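Enquirer: So the sequence lines, in the order shown, correspond to chains A and B.
Heads up: the first sequence begins at 1 in UniProt numbering, then just goes up one per residue.
Heads up: the second sequence begins at 1 in UniProt numbering, then just goes up one per residue.
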Amino acid sequence: MENLPLAEPGVQLSIWGLFWQAGWVVKLVMIGLLGASIWTWAIIVDKSLAFARMRRSLNRFEQVFWSGQSLDELYRTLSERKPTGMGAVFVAAMREWKKSFEKGAKSPIGLQNRIDKAMDLALTREMERLEGRLGFLATIGSAGPFIGLFGTVIGIMTSFQAIAGSKSTNLAVVAPGIAEALLATAIGLLAAIPAVIAYNKLSSDAGKLGVRMEGFADEFSAILSRQIDEKVTHQRAA
Amino acid sequence: MKAGLTTSVIAHVALLGFGLLSLSAPKPLEVMDVESLPVDIVPIEELTQIQQGDKKAPLAEKAAPTPTKRPDVVADAQNAGDNDIDTDNPPTPDGKPKPVKTAEAQAPAPTPVEKPKVEDSPKVEEPKPVPATELAPVPTPKEEVKPEPVKEAEPKPEPVKQPEPKPAEPEQEVAAAEPIKPDAIAEAIAEEQPKPAEESVSLPNAAPAPEARPKPAQAQTAKAPERKASEKPVKEASSRPQSEETGSIEDQVAALLNKEKAKGGGAKRSTQQASLGGEKTTGGSKLSQSEMDALRGQVQRCWNIPAGAMDGANLRVSVKFKLDPSGALDGSPEIISGGGSSGVERAAAEAARRAVARCSPYTLPAEKYDAWADVIVNFDPSEMF
Numbered sequence: 001m002e003n004l005p006l007a008e009p010g011v012q013l014s015i016w017g018l019f020w021q022a023g024w025v026v027k028l029v030m031i032g033l034l035g036a037s038i039w040t041w042a043i044i045v046d047k048s049l050a051f052a053r054m055r056r057s058l059n060r061f062e063q064v065f066w067s068g069q070s071l072d073e074l075y076r077t078l079s080e081r082k083p084t085g086m087g088a089v090f091v092a093a094m095r096e097w098k099k100s101f102e103k104g105a106k107s108p109i110g111l112q113n114r115i116d117k118a119m120d121l122a123l124t125r126e127m128e129r130l131e132g133r134l135g136f137l138a139t140i141g142s143a144g145p146f147i148g149l150f151g152t153v154i155g156i157m158t159s160f161q162a163i164a165g166s167k168s169t170n171l172a173v174v175a176p177g178i179a180e181a182l183l184a185t186a187i188g189l190l191a192a193i194p195a196v197i198a199y200n201k202l203s204s205d206a207g208k209l210g211v212r213m214e215g216f217a218d219e220f221s222a223i224l225s226r227q228i229d230e231k232v233t234h235q236r237a238a
Numbered sequence: 001m002k003a004g005l006t007t008s009v010i011a012h013v014a015l016l017g018f019g020l021l022s023l024s025a026p027k028p029l030e031v032m033d034v035e036s037l038p039v040d041i042v043p044i045e046e047l048t049q050i051q052q053g054d055k056k057a058p059l060a061e062k063a064a065p066t067p068t069k070r071p072d073v074v075a076d077a078q079n080a081g082d083n084d085i086d087t088d089n090p091p092t093p094d095g096k097p098k099p100v101k102t103a104e105a106q107a108p109a110p111t112p113v114e115k116p117k118v119e120d121s122p123k124v125e126e127p128k129p130v131p132a133t134e135l136a137p138v139p140t141p142k143e144e145v146k147p148e149p150v151k152e153a154e155p156k157p158e159p160v161k162q163p164e165p166k167p168a169e170p171e172q173e174v175a176a177a178e179p180i181k182p183d184a185i186a187e188a189i190a191e192e193q194p195k196p197a198e199e200s201v202s203l204p205n206a207a208p209a210p211e212a213r214p215k216p217a218q219a220q221t222a223k224a225p226e227r228k229a230s231e232k233p234v235k236e237a238s239s240r241p242q243s244e245e246t247g248s249i250e251d252q253v254a255a256l257l258n259k260e261k262a263k264g265g266g267a268k269r270s271t272q273q274a275s276l277g278g279e280k281t282t283g284g285s286k287l288s289q290s291e292m293d294a295l296r297g298q299v300q301r302c303w304n305i306p307a308g309a310m311d312g313a314n315l316r317v318s319v320k321f322k323l324d325p326s327g328a329l330d331g332s333p334e335i336i337s338g339g340g341s342s343g344v345e346r347a348a349a350e351a352a353r354r355a356v357a358r359c360s361p362y363t364l365p366a367e368k369y370d371a372w373a374d375v376i377v378n379f380d381p382s383e384m385f
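In structure tokens:
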């Protein structure tokens, strides 16, 4: 048995070499997966930052809200800049309240309904903003391995075709093709694993924030409804 | 979103750059250059059975008899040796001093050397079959031969002579006066005519057993006897005519005594170093399953199963018998088990014995006679139904 060179001199086994030798389909898959990975991490970073910001703003708002400050004053300061989170919910409710009272609304039940609707809308918009792009993480998490596998299958197919062409089953002929094909699966997994983990973490975080805002919305709705009742009894008394 | 994207891109580029630098081509596996081993599957009998070899030689991987000197191959030879004919006898041991004595004894009767010419023709034939490894015997008969037949024989001894110059030298010295021809034989002939007396003296010199021996001894010391055997008859042949011619009883006795040596040993040549083994290769002396079945079938054909032997457990009979090499029954079959007291059992035993006797001779592979010289056959009626 002669001593066979394990890798032919022309074959580079570094990762860059493997990528460069791959067929265009496999290359495309790899590039796509790399892009997906970049986008995944961009989302992860962005969402992490956004959630942290949101959590901070919720804390600050709650502090201010329960500090006993007058709601009108709070509304004035908040509506000057673009509010987020609870602030947005609060501003939406206050706006509806003001509009109704400026025009002299008669029905307290209708006012209550309108305020709830406005708050729900603001809440939904906020949640959408929080959860946006998390779907992409889920998609990459589930589809990434499959895309990588597709690249691998194509790569192995072409390498087997090459073997059939060269009429040699030597491992040195088989190995580089299979290695480059497996690289596609590796990149797919590299993109998918963080995506899955991040998706689970971020979606649960978003859920928590949503619950917190809903709670505030309910509380504020209760406060407003009390105020409406007070005003209505006041008006009747007057 | 921008912050996230830039962070991600930077991280990926950094990671890829690090990967490209650090995860370069993996080291090639260091694979030992393994020799592939050819494996033969050899039945164990072939190895455990005795191989032909030398009983006194040290153990080696392969048994081999002592190397023989003669290159010619004798067909179908079984026993190793330098003999012309394959015999079972062991090679005759030689007494080394003898040739010297005979030479001395011959020396006093020098005269008639030239006469033997009459008897040349038979003598010439004798040396020929012996492709002598030693030159000495070869030239001697030729002294008595007429030049013409000798020349025919010349080519044979020549190659032999060249490797061993020693015997030729003494002759040359004796024949110093003669024109020096490349042929030792021609020299001998030429030399013989002027000095008949000296010739007989030179004869033993020319056959200096001790001188010639050391050379083969490099390869093998034990082989000497066979050589002797081949060399002696020649000497004897050369001396016999002398004695006839002289008529001297003393010479005749001297000539008859110690001269002839029984030819022993086989004719199978061996070139390998001697190593431990038996006298004969006994490979394959075991009946194969199909051969056993054939024997069984032959016996069964002649076996009349005793009536009422259905419950045959107690009717089992073992018969032992001897066969001669032709396959015929040798002696009478002996019942070694079964054939008890009851009438049925005795009948079964007799039936078995009859079966063995009636089927003789058996056809069995002759070369495995060792294996079937003694046969024990079990007759079991219960297996027949």
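Using N, Cα and C, we set each Cβ at its ideal position, and we do this for glycine too.
Remember, predicted model here, so these are calculated numbers, not experimental data.
Hey, how far is the Cα of A/S70 from the Cα of B/M1?
Expert: 35 angstroms
Enquirer: Does DSSP classify A/D229 as helix, strand or coil?
Expert: helix
Enquirer: Could you check if B/L37 is buried or exposed, using at least 16 other CB atoms within 10 Å of its CB as the buried criterion?
Expert: The C-beta of B/L37 has fewer than 16 other C-beta atoms within 10 Å across all chains shown, which makes the residue exposed.
Enquirer: Report the CB separation of B/P67 from B/S270 in whole angstroms; it is logged as a contact under 8 angstroms.
Expert: B/P67 to B/S270, Cβ: 5 angstroms. Contact.
Enquirer: Considering only residues of the same chain and omitting the five flanking positions on each side of A/F19, which have a CB-CB separation below 8 angstroms?
Expert: Closer than 8 angstroms at the Cβ level, and outside the excluded window around A/F19, lie K27, M30, E180 and L183.
Enquirer: With distances taken Cα to Cα, identify the nearest neighbour of B/P361 among B/S318, B/F379, B/S342 and B/L295.
Expert: B/L295
Enquirer: Hey, A/M119 and A/A143 are a contact pair by Cβ (cut 8 angstroms); roughly how many whole angstroms apart?
Expert: Contact flag wrong, Cβ pair sits at about 37 angstroms.
Enquirer: Just by C-beta distance, which residues in the region 23-53 of chain A are closer than 9 angstroms to chain E?
Expert: Checking the listed chains, one finds no chain E in this structure; the protein chains it contains are A and B.
Enquirer: Near B/K320, which residues of its chain fall below 6 angstroms by C-beta distance, leaving aside the five closest residues on each side in sequence?
Expert: Excluding residues within five positions, the ones whose Cβ falls inside 6 angstroms are E334, I336 and I376.
Enquirer: Which residues mark the beginning and the end of the beta strand (DSSP E) in which B/K320 is found?
Expert: V317 to L323
Enquirer: In the DSSP assignment, the alpha helix (DSSP H) including A/G32 goes from what residue to what residue?
Expert: Segment W24 to F65, the alpha helix (DSSP H) holding A/G32.
Enquirer: Out of A/L111, A/T139, A/Q235 and A/R56, state which residue places its alpha-carbon closest to the alpha-carbon of A/V196.
Expert: A/T139
Enquirer: Under 9 angstroms between beta-carbons, which chain A residues line up against B/G4? List them in chain order, please.
Expert: Around B/G4, the beta-carbon contacts reaching into chain A at under 9 angstroms are W41, A42, I43, I44, V45, D46, K47, S48, L49 and A50.
Enquirer: Are the region 220-228 of chain A and the region 164-175 of chain A touching, with three or more C-beta to C-beta distances below 8 angstroms?
Expert: no
Enquirer: Is B/S8 close to chain A? Criterion is C-beta to C-beta, closer than 8 angstroms.
Expert: With 8 angstroms as the cut-off, B/S8 counts as an interface residue toward chain A.
Enquirer: Taking only three categories from DSSP, how would you classify B/N378?
Expert: strand
Enquirer: Sorted by chain position, which residues of the same chain lie with C-beta nearer than 8 angstroms to B/P129's C-beta, five sequence neighbours on each side aside?
Expert: The pLDDT assigned to B/P129 is 48, lower than 50, so where the model puts this residue is not dependable, and the model offers no usable value.
Enquirer: So for A/L134, helix, strand or coil by DSSP?
Expert: helix
Enquirer: Verify the CB distance criterion: does A/W20 have a CB-CB separation below 8 angstroms to chain B?
Expert: no
Enquirer: When the Cα atoms are used, what is the spatial distance from B/A352 to B/V42?
Expert: 38 angstroms
Enquirer: In chain A, what lies closer than 8 angstroms to B/M292 by C-beta?
Expert: Those within 8 angstroms of B/M292 in chain A number zero; the least Cβ separation is about 43 angstroms.
Enquirer: Among all the DSSP beta bridges, which residues are the ones paired with B/E334?
Expert: B/K320
Enquirer: So with Cβ pairs under 8 angstroms, would you call B/G17 a contact of chain A?
Expert: no
Enquirer: Is there a Cβ from chain B that is less than 8 angstroms from the Cβ of A/W97?
Expert: no
Enquirer: B/A64 bridges to which residues according to DSSP?
Expert: When beta bridges are read from the DSSP output, B/A64 appears opposite B/S275.
Enquirer: So, is A/I115 buried or exposed, given that buried needs 16 or more other C-beta atoms within 10 angstroms?
Expert: buried
Enquirer: What would DSSP say about B/L329, mapped onto helix, strand or coil?
Expert: strand
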